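Engineer:
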Amino acid sequence: MTENEYPTGEQFELVWPEHGVQSAHAVVTSVGAMLRVLEFGGVPVIQGFDETAVPLFCAGWMLAPWPNRVRDGRWNDAGTLRQLPLTEPGRGNALHGFLFEQHHTVVRRTESSITLRANIHPTDGYPFALTVDTTFVLGENALSITHTLVNTGDRPAPAALGAHPYFRIGDVPIPELTVTVRAATRVLVDDRLNPLGAEPVAGTRFDLSQGAVVGDLDLDTAYFDLRAEADGRYVHTIEAPDARRIELWGDENYSHAQVFTTQIFPLGSGPGWAVTVEPTTAPPDAFNSGIDLHVIEPGASWTASWGITFVPAPAPESATAPRSTRTPEEIA
31 MTENEYPTGE QFELVWPEHG VQSAHAVVTS VGAMLRVLEF GGVPVIQGFD ETAVPLFCAG
91 WMLAPWPNRV RDGRWNDAGT LRQLPLTEPG RGNALHGFLF EQHHTVVRRT ESSITLRANI
151 HPTDGYPFAL TVDTTFVLGE NALSITHTLV NTGDRPAPAA LGAHPYFRIG DVPIPELTVT
211 VRAATRVLVD DRLNPLGAEP VAGTRFDLSQ GAVVGDLDLD TAYFDLRAEA DGRYVHTIEA
271 PDARRIELWG DENYSHAQVF TTQIFPLGSG PGWAVTVEPT TAPPDAFNSG IDLHVIEPGA
331 SWTASWGITF VPAPAPESAT APRSTRTPEE IA
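When we follow my numbering, the leftmost residue of the sequence shown carries the number 31, and every step to the right adds one.
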């Protein structure tokens, strides 16, 4: 099987430093611009998938022009009822946009970075034309991802973004990881995971603001009212018992997050635990509610960035030193 015959197309390897001894390694794909591999210092930080496999459970997907669900795949476009493909047929919803099935072309590439481009063409369900550029930049201990959406059509285009990485820290059992999401409110959903309302999470099993052990969780939950950092970013963490941790950050656009845990994720040894924290720019069914839905005018663009930073365990003599949240651009 050649790369072009793989389910996710051509495989693009990124390494850092360029022309040096590799300390960071990532693989992204031409189909869907999916993140398939991410390692820092030889430590895997995502649950990837084999190059010959079809990624299940949306592993590594980039979510555009909407994340999460559109109820029944139907939405009101300025008085016209639109019908999107029901890509979650079991629940009768349109799930996670179109980007995961789009073939991408290379716009720019270095050893440690790549920009991939896909075109979303107008359809009856989404009658808008978008060019989507996704740029990956790998650094010593971080990967940043920037999406730029350009409206190449003649109508204002509604859009939202998200991503679907599953996390791990080396061989640490997933149930032993601790997830922290500093959110005040969760979305209430029906049995099809469509929104019904919202409620505060303080004092409930859904409160992740002080950290919660994955093995104690059973979640497929959208959060908002996130607490931002001083620089405007939103930062969520996944931490191992030895204090190694992942910082998942999003810029000011990523004011929502979805947390999902499962015990049937496909691993090499069979089904097992997995956890994803999905940075998103809008809540479920945003095409109908309009909440935090971004509208891109004809000829205009919208750019949003998020990323993954790996923080090793502190050395004993620096255990009280401030923890880094640097992005690859800040490192450079």
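Beta carbons: idealized from backbone N, C-alpha and C, even for Gly.
Given the structure is predicted, the values throughout are model-derived calculations rather than measurements.
For the structure I just gave you, are there three or more beta carbon pairs, one from the segment 209-225 and one from the segment 243-261, closer than 8 Å?
Structural biologist: Output reads yes: the segment 243-261 touches the segment 209-225.
Engineer: Please report the distance separating the alpha-carbon of tyrosine 264 from that of arginine 112.
Structural biologist: The residue given as residue 264 occupies position 234 in the sequence shown. The residue given as residue 112 occupies position 82 in the sequence shown. One C-alpha to the other measures close to 33 Å.
Engineer: Exposed or buried, what is serine 60 when buried is set at 16 or more other beta-carbons lying within 10 Å of its beta-carbon?
Structural biologist: Mapped onto the sequence shown, residue 60 falls at position 30. Under this definition serine 60 is a buried residue.
Engineer: With DSSP collapsed to three states, give me the class of valine 244.
Structural biologist: Residue 244 sits at position 214 when you count from the first residue of the sequence shown. DSSP places valine 244 in helix when its eight states are reduced to three.
Engineer: Count the C-beta pairs between the segment 182-192 and the segment 148-163 that are closer than 8 Å, then say yes if the count reaches three, no if not.
Structural biologist: Yes, the segment 182-192 touches the segment 148-163.
Engineer: Rounding to the nearest angstrom, what Cα-Cα distance links histidine 126 and proline 97 in this structure?
Structural biologist: On the sequence shown, residue 126 is found 96 positions in, with the first residue counted as 1. On the sequence shown, residue 97 is found 67 positions in, with the first residue counted as 1. So the alpha carbons of these two residues sit roughly 4 Å apart.
Engineer: Kindly identify the DSSP beta-bridge partner or partners of serine 53.
Structural biologist: Locating residue 53 in the sequence shown gives position 23, where the first residue counts as 1. Partner(s): none; serine 53 has no beta bridge.
Engineer: Just to confirm the assignment, what range does the alpha helix (DSSP H) spanning serine 319 have?
Structural biologist: Along the sequence shown, read from residue 1 onward, the residue named residue 319 stands at position 289. From DSSP, the alpha helix (DSSP H) with serine 319 extends over 316-319.
Engineer: Would phenylalanine 130 and isoleucine 150 be called neighbours here (beta carbons separated by less than 8 Å)?
Structural biologist: What you label residue 130 is simply residue 100 of the sequence shown in a count that begins at 1. What you label residue 150 is simply residue 120 of the sequence shown in a count that begins at 1. Contact: no.
Engineer: State the DSSP-derived secondary structure class of proline 230, mapped to helix, strand or coil.
Structural biologist: Taking the sequence shown and counting its residues from 1, one reaches residue 230 at position 200. It is a strand residue.
Engineer: With burial defined as no fewer than 16 other Cβ atoms inside 10 Å of the residue's Cβ, what is the status of asparagine 34: buried or exposed?
Structural biologist: The residue given as residue 34 occupies position 4 in the sequence shown. It is exposed - the Cβ of asparagine 34 has fewer than 16 other Cβ atoms within 10 Å.
Engineer: Leaving out five residues on either side along the sequence, give the residues of the same chain with a beta carbon under 8 Å from the beta carbon of valine 137.
Structural biologist: Sequence index remark: in the sequence shown, residue 137 carries index 107 (1-based). Excluding sequence neighbours, valine 137 sits near Thr145, Leu146, Arg147 and Asp163.
Engineer: Using only CA atoms, which one of Thr311, Phe236 and Glu141 lies nearest to valine 289?
Structural biologist: Taking the sequence shown and counting its residues from 1, one reaches residue 289 at position 259. Per the Cα distances, Phe236.
Engineer: Determine contact between the segment 315-325 and the segment 263-278, defined as no fewer than three beta-carbon pairs at a distance below 8 Å.
Structural biologist: Contact fails: fewer than three Cβ-Cβ distances are below 8 Å.
Engineer: Just the Cα atoms here: how many angstroms apart are phenylalanine 166 and aspartate 80?
Structural biologist: In the sequence shown, the residue the question calls residue 166 occupies position 136. In the sequence shown, the residue the question calls residue 80 occupies position 50. For phenylalanine 166 and aspartate 80, the distance between alpha carbons rounds to 20 Å.
Engineer: I'd like the list of long-range same chain contacts for tryptophan 91, defined as Cβ closer than 8 Å, with 5 residues on each side in sequence excluded.
Structural biologist: One-based indexing of the sequence shown puts residue 91 at position 61. Contacts found: Gly62, Met64, Pro85, His126, Leu129, Phe130, Ala193 and His194.
Engineer: Here's the rule: buried if 16 or more other CB atoms are within 10 angstroms of the residue's CB, otherwise exposed. What is alanine 334?
Structural biologist: Locating residue 334 in the sequence shown gives position 304, where the first residue counts as 1. Under this definition alanine 334 is a buried residue.
Engineer: Could you pull the start and end residues of the beta strand (DSSP E) that asparagine 34 belongs to?
Structural biologist: To locate residue 34, count along the sequence shown from 1; it is residue 4. Neither: asparagine 34 is in no beta strand (DSSP E) and is coded neither H nor E.
Engineer: So, is glutamate 308 buried or exposed, given that buried needs 16 or more other C-beta atoms within 10 angstroms?
Structural biologist: Sequence index remark: in the sequence shown, residue 308 carries index 278 (1-based). Burial call: buried.
Engineer: Tell me which residues share the same chain as arginine 222 and place their Cβ nearer than 7 Å to its Cβ, disregarding the 5 neighbours each side in the sequence.
Structural biologist: For the purposes of this step, residue 222 is identified with residue 192 of the sequence shown, where counting begins at 1. Arg121, Gly122 and Asn123.
Engineer: Once you ignore the five residues that flank glutamine 52 on each side, which residues in its own chain have a CB closer than 6 Å to its CB?
Structural biologist: To locate residue 52, count along the sequence shown from 1; it is residue 22. Correct list, in chain order: Val45.
Engineer: Quick one: grab the DSSP three-state call for glutamate 40.
Structural biologist: Stepping through the sequence shown from its first residue, residue 40 is reached at position 10. Glutamate 40: coil per DSSP, three-state reduction.
Engineer: Specify the secondary structure class of leucine 86 as computed by DSSP and reduced to three states.
Structural biologist: Residue numbering aside, residue 86 sits at position 56 when the sequence shown is read from its first letter. If DSSP states are grouped into helix, strand and coil, leucine 86 belongs with coil.
Engineer: Helix, strand or coil: which one does DSSP assign to leucine 114?
Structural biologist: Numbered from 1 along the sequence shown, position 84 holds the residue referred to as residue 114. Leucine 114: coil per DSSP, three-state reduction.
Engineer: Which of the three DSSP states, helix, strand or coil, is assigned to phenylalanine 236?
Structural biologist: For this step, residue 236 is matched to residue 206 along the sequence shown. Three-state DSSP puts phenylalanine 236 in coil, outside helix and strand.
Engineer: Considering only C-alpha positions, which residue in the set Pro314, Asp272, Trp336 and Thr292 is nearest to proline 346?
Structural biologist: Taking the first residue of the sequence shown as position 1, residue 346 is located at position 316. Per the Cα distances, Asp272.
Engineer: Please classify glutamate 282 as buried or exposed, where buried requires at least 16 neighbouring CB atoms within 10 angstroms.
Structural biologist: Position 252 of the sequence shown holds residue 282. When all chains shown are included, glutamate 282 counts as exposed.
Engineer: Per DSSP, histidine 324 forms a beta bridge with which residues?
Structural biologist: Within the sequence shown, numbered from 1, the residue matching residue 324 stands at position 294. According to DSSP, which records beta bridges pairwise, histidine 324 is partnered with Ala189.
Engineer: Considering only their Cβ atoms, is the gap separating phenylalanine 197 from valine 305 smaller than 8 Å?
Structural biologist: Here residue 305 refers to the residue found at position 275 of the sequence shown. Here residue 197 refers to the residue found at position 167 of the sequence shown. It is a contact, given that the beta carbons lie within the stated cut-off.
Engineer: Helix, strand or coil for phenylalanine 130? Go by DSSP, reduced to three states.
Structural biologist: Working through the sequence shown from its first residue, we reach residue 130 at position 100. It is helical.
Engineer: Look up serine 348 in the DSSP assignment and say whether it is helix, strand or coil.
Structural biologist: Here residue 348 refers to the residue found at position 318 when the sequence shown is read from its first residue. Model confidence at serine 348 stands at a pLDDT of 48, short of 50, so the residue's coordinates are unreliable; what they give is reported in the following sentence. Looking at serine 348 - three-state DSSP - the assignment turns out to be helix.
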